[in-house]
Ligand SMILES: [Zn+2]
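Residue numbers (the UniProt record's numbering): 1 to 152.
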């Protein structure tokens, strides 16, 4: 499990890069069955003028394109913040095996809060979920970003 922390560190790097672009600092990484990173992305909703350009969606798109498949069985997704309902839906559709997330998101999350997408009877594939990985750093980035925006 030594890759475990390093994959979340990579996701946190993507979150920091997103913040530097003026985006909400959330980063995601998709890891293949062999433990190698196949895609990494940060939020780009402002840059792309695209409300669906969340880190998870962008990472899934890149991983699926690389795999030549709309499904990623045996792949894991690391994301710095609890996925929203849209991303949770995309994660389910992609048949991701395990989701590791950092900070919880009581306001907009859709895994442990709100729609609880993976627990819904309509959800045909629920990944294993591990929360709280690197949560303190993920939350610190988000807090700093939103405080900065208030000041500016
Ligand atoms: Zn999302």
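Idealized CB from N, CA, C, for every residue including glycine.
Run of the beta strand (DSSP E) containing residue i, from where it starts to where it stops
{"i": "residue 81", "result": "76-81"}
{"i": "residue 42", "result": "37-42"}
{"i": "residue 129", "result": "128-130"}
Secondary structure of residue i, DSSP reduced to three states
{"i": "residue 95", "result": "coil"}
{"i": "residue 32", "result": "coil"}
{"i": "residue 1", "result": "Bear in mind that a pLDDT of 47 at residue 1, under 50, signals an unreliable position, so the number given afterwards is only what the model happens to contain. Residue 1: coil per DSSP, three-state reduction."}
{"i": "residue 13", "result": "helix"}
{"i": "residue 47", "result": "coil"}
{"i": "residue 141", "result": "helix"}
{"i": "residue 114", "result": "coil"}
{"i": "residue 148", "result": "helix"}
Host alpha helix (DSSP H) of residue i (start-end)
{"i": "residue 66", "result": "55-67"}
Beta-carbon spacing of residue i, residue j below 9 Å
{"i": "residue 22", "j": "residue 41", "result": "no"}
{"i": "residue 162", "j": "residue 18", "result": "The structure shown does not extend to residue 162, since the chain is modelled only from 1 to 152, so the question has no answer here."}
Q) Do three or more CB pairs link the region 56-65 to the region 22-33 at distances below 8 Å? A) The region 56-65 vs the region 22-33: in contact.
**Q.** Contact the region 136-146 vs the region 79-99: 3+ CB pairs below 8 Å
**A.** Yes: at least three Cβ pairs fall under 8 Å.
Q. Between the region 112-120 and the region 43-62, are three or more C-beta pairs nearer than 8 Å?
A. These segments do not touch.
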